[in-house]
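In this text, residue positions in the sequence shown follow my numbering: the first is 447, and each later residue adds one. Right, one structure below, let's go through it.
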Amino acid sequence: MPAKIIDGKAIASEIREDIKREVDAVKKEKGIIPGLAVVLVGEDPASQTYVRNKEKACQKVGMYSEVYRLPAETTQEKVLAVVDELNQNPKIHGILVQLPLPDHIDEKAVINAINPDKDVDGFHPVNVGKLYIGDPGFVPCTPNGVIELLERSGVAIKGKEAVVVGRSNIVGKPVAQLLLARHATVTICHSRTSDLASHTRRAEILVVATGRAKMITGDMVKEGAVVIDVGVNRVDGKLVGDVDFDAASQRASAITPVPGGVGPMTITMLLKNTLQAAQ
Ligand code: GUN
Numbered sequence: 447m448p449a450k451i452i453d454g455k456a457i458a459s460e461i462r463e464d465i466k467r468e469v470d471a472v473k474k475e476k477g478i479i480p481g482l483a484v485v486l487v488g489e490d491p492a493s494q495t496y497v498r499n500k501e502k503a504c505q506k507v508g509m510y511s512e513v514y515r516l517p518a519e520t521t522q523e524k525v526l527a528v529v530d531e532l533n534q535n536p537k538i539h540g541i542l543v544q545l546p547l548p549d550h551i552d553e554k555a556v557i558n559a560i561n562p563d564k565d566v567d568g569f570h571p572v573n574v575g576k577l578y579i580g581d582p583g584f585v586p587c588t589p590n591g592v593i594e595l596l597e598r599s600g601v602a603i604k605g606k607e608a609v610v611v612g613r614s615n616i617v618g619k620p621v622a623q624l625l626l627a628r629h630a631t632v633t634i635c636h637s638r639t640s641d642l643a644s645h646t647r648r649a650e651i652l653v654v655a656t657g658r659a660k661m662i663t664g665d666m667v668k669e670g671a672v673v674i675d676v677g678v679n680r681v682d683g684k685l686v687g688d689v690d691f692d693a694a695s696q697r698a699s700a701i702t703p704v705p706g707g708v709g710p711m712t713i714t715m716l717l718k719n720t721l722q723a724a725q
């Protein structure tokens, strides 16, 4: 039987309705308008699109937003000064510095400069540490979105064999922590894993975030698995995931499409974190 499609667009829009209601409530009860500042350095077209989408998403749920568009040659000192100003700005509850930054800017120095209480990306070492030890803090948006998709699709995580392919700080590592915190047995695989298929074939929950188009073939998926494809790759002008969707959906019990799976959840979780920061 072909897999059930996990509709990220529909789930994201449901959550955004809830967020909109909560934003209205915070405005009424506390007189606070949740505010997000996005800092974009340079003219990378993909980053420009992401930033525009974040701005629009804020408007739709009634949040306040500011975008700082800085030229590519902006010095690190200037970027740090902007971050510092935003740390002090009472209208701003969440700060996001769009990555990647130009090569002459030290990404870690910029992330470390963000007040952890405004770090809605969940990239500051304080929030990374909190996630690791299970304390409340800001959880990175895409990993948070993966967990929401599983939970809202009724997938039980506790006791499950979960395999994460990819070990980035933005997706692989935090997703593994979140699954572990929900009592899955977690394996993290990566580019140096020998016999990747022997691991993925054991997975009852398979999360793939490698940035390599269709690298997970149908035969690498366990019968009945839930497959979450975080990848977004452009092949011949078309967006495809890291999973061969057509083949994998013949074996999986549920699977996310690309586009329309994890993608719409990322900005939604950013809105959720910004609301949390304001509250
Ligand atoms: N660039 C690509 N994804 C992200 C993200 O989640 N946060 C930031 N700040 N930059 C990104």
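Glycine included, every Cβ here is placed at the ideal spot set by N, Cα and C.
Can you name the start and end residues of the beta strand (DSSP E) that Leu-721 belongs to?
Unbroken run through Leu-721 is the alpha helix (DSSP H), 709 to 724; no beta strand (DSSP E).
Nearest-angstrom beta carbon gap, Ser-511 and Leu-486 [assumed within contact, 8 Å]
Not really, about 12 Å apart at Cβ, beyond 8 Å.
Evaluate contact between the stretch 613 to 632 and the stretch 659 to 667, counting only Cβ atoms and requiring at least three cross-stretch pairs below 8 Å.
no
For Thr-656 and Asp-675, I'd like the C-alpha separation in whole angstroms.
9 Å
Backbone secondary structure at Ile-461 - three-state DSSP
helix
Which of the three DSSP states, helix, strand or coil, is assigned to Ala-698?
coil
Quick one: residues in its chain with C-beta nearer than 6 Å to the C-beta of Cys-635, no 5 flanking neighbours on either side, listed in chain order?
Val-611, Leu-642 and His-645
So which of Gly-575, Lys-564 and Val-484 has the shortest CA-CA distance to Leu-545?
Val-484
With Asp-675 as the anchor, note down where its beta strand (DSSP E) starts and where it stops.
672 to 675
Between which two residues does the beta strand (DSSP E) containing Val-611 stretch?
607 to 611
Test item: CB-CB of Ser-599 and Ala-700 under 8 Å:
yes
Contact between the stretch 565 to 580 and the stretch 690 to 700 is defined here as three or more beta-carbon pairs at a separation below 8 Å; is this criterion met?
no
Near Gly-490, which residues of its chain fall below 8 Å by C-beta distance, leaving aside the five closest residues on each side in sequence?
One detail in the question is off: residue 490 reads as Asp in this sequence, not Gly. Correct list, in chain order: Pro-546.
With 16 as the cutoff for other CB atoms within 10 Å, does Asn-615 come out buried or exposed?
exposed
Which residues mark the beginning and the end of the alpha helix (DSSP H) in which Ile-541 is found?
Segment 540 to 543 is the beta strand (DSSP E) holding Ile-541; no alpha helix (DSSP H) there.
Would you say Asp-581 reaches chain D, if we count a Cβ-Cβ gap shorter than 8 Å as a contact?
You won't find chain D in this structure, because it holds only one protein chain.
When the Cα atoms are used, what is the spatial distance from Gly-707 to Val-543?
24 Å
The ligand GUN and Cys-587: does any heavy atom of the ligand fall closer than 7 Å to the residue's C-beta?
yes
Beta bridge counterpart(s) of Cys-635 as assigned by DSSP:
Val-611
Under the three-state DSSP convention, the category Gly-412 falls into
Missing from the structure shown is residue 412; the chain here goes from 447 to 725 and no further.
Secondary structure of Leu-547, DSSP reduced to three states:
coil
For the ligand GUN, I want to know if Thr-520 counts as a neighbour, meaning its beta carbon is within less than 7 Å of at least one of the ligand's heavy atoms.
no
For Gln-544, is the beta carbon positioned less than 7 Å from some heavy atom of the ligand GUN?
yes
Once DSSP output is grouped into helix, strand and coil, what is the label at Ile-593?
helix
Cα separation between Val-681 and Asp-690?
13 Å
Would Ala-471 be called buried (16 or more neighbouring beta carbons within 10 Å of its own) or exposed?
exposed
Close beta carbons around Ala-602, own chain, < 6 Å, minus the five adjacent residues each side
none
Can you determine whether any heavy atom of the ligand GUN sits closer than 7 Å to the C-beta of Thr-720, and answer yes or no?
no
Considering only residues of the same chain and omitting the five flanking positions on each side of Leu-626, which have a CB-CB separation below 7 Å?
Val-632
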